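For reference, the structure discussed in these notes is given below.
Residue numbers (this note's numbering): 81 to 173.
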């Protein structure tokens with residue numbers, strides 16, 4: 081084996097740890113950035129609604145009632161829902 085081939089194999093062995101370390105760093109960075117939730121704009125989102133309680137009183141069966149609520153993002157970040165929003169009935173049904 082010539083000196084040139086030996087030197088080339090040694091250089092390849094020196095670069096291997098750097099290549100592995102670079103790959104690990106790329107994987108860690110991709111995992112970190114993919115798991116961030118709502119802090120892209122430098123802030124945290126916050127949700128508020130204009131009514132905490134809606135009281136219809138007594139409602140007959142099969143009578144439709146509607147209402148409007150205003151949902152606002154009062155935080156500095158982008159508000160995104162990860163699940164379908166739901167309404168909880170606290171009294172009656």
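Cβ atoms here follow ideal geometry from the backbone N, Cα and C, with glycine treated the same way.
None of the values given here were measured: they were computed from a predicted structure.
If residue i sits next to residue j, beta carbons under 8 Å apart, how far is it from one beta carbon to the other, in whole angstroms?
i           : j           : result
residue 103 : residue 123 : Contact doesn't hold; Cβ gap of about 33 Å is too wide.
residue 139 : residue 145 : 6 Å
Give me the DSSP bridge partner(s) of residue i.
i           : result
residue 153 : 127
Going by C-alpha to C-alpha distance, which of the options sits closest to residue i?
i           : options          : result
residue 148 : 137, 132 and 142 : 132
contact_flag[the region 92-102, the region 122-129] where n(CB pairs < 8 Å) is 3 or more:
no
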